Structures are given as structure tokens and as C-alpha cells.
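Just below is one structure, and these are the notes that go with it.
Residue numbers (my numbering): 2 to 388.
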């Protein structure tokens, strides 16, 4: 049928149902014309990944965009052992592989051929498809037009060995403005030590949880980013399963932001993560004058396990913050911490506006909040209290 049509570009789109066992016939036929296919957009189940992997082993010289997502009830990402696009797709400007991975040497060949690539999205990479930071950097080295990069590993086991070289070869991604990484802190350390990002201003980092994070190279990287983006607000958001700390300009996230996340359920572990990350950074810029402590919508009730000392340690890095807003769920613990006169005077030294949502609903919380404000006001450091 296709042979009787004019030699027009082909767009291949397919979204398989959960019970699909094979590709539709027209998709298979279209992929037999790699010289005409300009776009591939597929949502598959694992039962048919083998079929698609076999169909895209040849070079696709006209291909501009390829997106493949594997959706399975098991949630286990797929590693296929076939070659990827025959190692050559010179017109590519976007690659998205979600829950499916090809052998990295094959993917690297494609990257080296795709000098016009602007978006690379590799998510839910299975541990069997692991590639080292050195391999990743080598694959990215020629992508001078790359604007957006996502690298996400599925397993905490996907981390480099402890004996990585201390003097890595560096490369530069001059056009990259957005970086999204999900993986082990050790991998992140080795990755940012090998690449310069002169245009980067939008960063999202999700780390697999561990008790202690030792990532000095990443802290240096964040310091350079903060100097470039001048954040003035820190937003800490907890949920039932994770915590995020976001540094950005108030109302101007498009001007640059940095989000750091990890997965853990207990509130004390969540805030310890934030405290640990921020306390190891060089001092927050003086431009950071607002702190908001919030939570994800519709969080189920949970037992909080925070003492006053933990809250005070959490506040320590915020030496230039003038405005603090606390969501109602956290107000009792925060108010009781701030009223500890023997410790609290050195916390939040420049504070002048404190919003404790719903603090008047509890007489003991209201008393603690007003006692803190009165103590500050008597010392000449005026603080305004709001609901």
C-alpha cells in the first residue's frame, strides 16, 4: 500500500492497550521504510517491546523525533539487546525512552550522530541497562545544541564504584538550560564533576534516600547555579512519601530554580534531609529572604515525630530570611520550638514577619507564638505575627 503512495514523510504513532500482544500491521509496515519515517511516538506494553526493538535496528536517516514509553502493571523497566536506530539518526532533535533501555554503546553511537539533538529524556533506566558517568559524559560530549536533559535510574543499585578516577576529563554543554536527574548521590557527584553547564538555570534533582549525603562537588555546582539565578525564596514541601526543597525567584520560576527531592515517609527524616543539604551548602545567598513550609495536597493524617531541637536545626541555614510562612499542620511544632528562649534567639536573626496558619485554634500554640514574638520585640527585633 505504501509503495503506491507518493514518497511522503511518515509519522508513526501507536498506543497499545494492556492486552496488546503485537504491533498493528500498519505500524510494522511503516517502520520498514526507515528512510521516510520522521517521527516515532509509541506507548507499549512489555509484551511487544521486542517487536519494536527489532523494527528500529536500521539507521533512520530522516527521523526527527522518537518517543517510546513502556507502561506495565509490574512497573519493571525493560532492557532490550537490539541495536538502537542502527547507530545513526543524524536529523534527530528529540529522544525519549521511558522504562525501556537499549545497550548504551548503541545509544551512544546515535548521540554522536545526532548533532542537532535538543532534548534527551532517559527515564526509569533498569539496573541491567546501567551506564557509568564517564560513558554518559562521552555520549553527551558532541551535543552542543542540547537544551533539556533527563536521566533517571530505576534502582538505587545503579551507582558508580567507589574507586572512580579523581581527575576526570571534562566537557561542556553550552546550550543546556534544564537538567532533571533521578538516581544515587554518588552518580550525581561524578556526573557534575565532569560537565560544565554555563547556561543552566532549571535543575531538578531526586536522590535515592540515604542517611548521610556527602556530595561536595554537587554543592559547588549548586553555588554556581545560585549565583546565576539569584533565588529569593525557599519552599519546603512534604508529602506522604517524599520531600522537596525548591530555591527560586518569587513568582519567577522561569527565571531559574533548583529543586532537590528524596523519597522517605517520616517527617523527621524528611526535614533532616533538608537540614543536611542546606547546612552543607555554602551560606544561602542574602537574596533568600522568604521561607515557606508546606505540604502536598490531600495528605493523609500521620503521626509527627519531631522535637523542638530538630526544628531549630532546620531553621539554622536561613540567616537572612525575613518572612516565614508555616502551613497549619506544622505550626504546633514550630511554635513550641521558637519559644525556647535559651536556644531560639540565634535562630532566624533577621525575621520580621511570621505567618503561622491556624495558630489561634489552640490556646497553647497561640500562647507560644505570642511569647516568641513578645521576646523578639522586647529585644528590639520587631516581628509581626499573622495567621
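Yeah, the Cβ is synthetic: ideal placement off N, Cα and C, and Gly gets one too.
Model, not experiment: these values are computed from the prediction.
Where residue i sits in the DSSP three-state scheme
| i | result |
| --- | --- |
| residue 128 | helix |
| residue 17 | coil |
| residue 216 | coil |
| residue 198 | coil |
| residue 278 | helix |
| residue 210 | coil |
| residue 340 | coil |
| residue 176 | coil |
| residue 59 | coil |
| residue 329 | helix |
| residue 351 | coil |
| residue 38 | strand |
Counterpart residues of residue i in DSSP-defined beta bridges
| i | result |
| --- | --- |
| residue 102 | 80 |
| residue 260 | 205 and 247 |
| residue 234 | 249 and 291 |
| residue 122 | 97 and 151 |
| residue 183 | 153 and 207 |
| residue 43 | 15 and 69 |
| residue 296 | 239 |
Candidates the options, of which the one nearest residue i by Cα
| i | options | result |
| --- | --- | --- |
| residue 295 | 271, 286 and 349 | 271 |
| residue 155 | 132, 15, 63 and 251 | 132 |
| residue 57 | 90, 148 and 72 | 90 |
| residue 372 | 363, 329, 25 and 339 | 339 |
| residue 117 | 262, 70, 102 and 148 | 148 |
| residue 210 | 73, 274, 119 and 327 | 274 |
| residue 120 | 184, 263, 43 and 68 | 68 |
| residue 84 | 97, 95, 78 and 107 | 107 |
| residue 34 | 62, 25 and 52 | 62 |
| residue 392 | 278, 176, 36 and 381 | Outside the displayed span of the chain (2 to 388) sits residue 392, for which this structure offers no information. |
| residue 178 | 64, 29 and 258 | 258 |
| residue 170 | 176, 267, 221 and 136 | 136 |
| residue 317 | 297, 95, 346 and 105 | 346 |
| residue 244 | 360, 266, 225 and 223 | 266 |
| residue 65 | 55, 95 and 291 | 95 |
| residue 378 | 352, 283 and 321 | 352 |
| residue 280 | 251, 290, 215 and 293 | 215 |
| residue 212 | 276, 79, 223 and 249 | 276 |
| residue 39 | 12, 337, 250 and 312 | 12 |
| residue 224 | 363, 237, 248 and 70 | 248 |
| residue 188 | 157, 15, 362 and 31 | 157 |
| residue 18 | 30, 47 and 41 | 47 |
| residue 181 | 233, 125, 289 and 230 | 125 |
| residue 87 | 103, 77 and 45 | 103 |
| residue 287 | 336, 268, 310 and 233 | 233 |
Opening and closing residue of the beta strand (DSSP E) in which residue i lies
| i | result |
| --- | --- |
| residue 67 | 66-71 |
| residue 150 | 149-154 |
| residue 141 | First-last for residue 141: 134-141, but that is the alpha helix (DSSP H), not the beta strand (DSSP E). |
| residue 386 | 385-387 |
| residue 355 | 354-357 |
Same chain, Cβ closer than 6 Å to residue i, neighbours up to 5 away in sequence not counted
| i | result |
| --- | --- |
| residue 374 | 384 and 386 |
| residue 355 | 325, 384 and 386 |
| residue 140 | 109 and 112 |
| residue 173 | 197 |
| residue 122 | 97 and 151 |
| residue 218 | 190, 193 and 194 |
| residue 105 | 132 and 136 |
| residue 208 | 186 and 263 |
Test: residue i CB closer than 8 Å to a CB of chain B
| i | result |
| --- | --- |
| residue 331 | In the structure shown, chain B cannot be found, because there is only a single protein chain. |
Extent of the continuous alpha helix (DSSP H) to which residue i belongs
| i | result |
| --- | --- |
| residue 315 | 309-316 |
| residue 373 | 364-379 |
| residue 320 | No alpha helix (DSSP H) contains residue 320, which DSSP labels as neither H nor E. |
| residue 52 | 50-56 |
| residue 27 | 26-31 |
Any non-hydrogen atom of the ligand ADP within 7 Å of residue i CB
| i | result |
| --- | --- |
| residue 180 | Among the ligands in the structure shown, none appear at all, so the ligand ADP cannot be discussed. |
Sequence-distant residues of the same chain with beta carbon closer than 8 Å to residue i, five excluded per side
| i | result |
| --- | --- |
| residue 143 | 112, 113 and 116 |
| residue 159 | 126, 128, 131, 184, 185 and 188 |
Nonlocal neighbours in the same chain, by C-beta distance under 7 Å from residue i, ignoring five residues either side
| i | result |
| --- | --- |
| residue 359 | 329, 332 and 388 |
| residue 367 | 360 and 361 |
| residue 59 | 35 and 87 |
| residue 24 | 15, 49, 52 and 53 |
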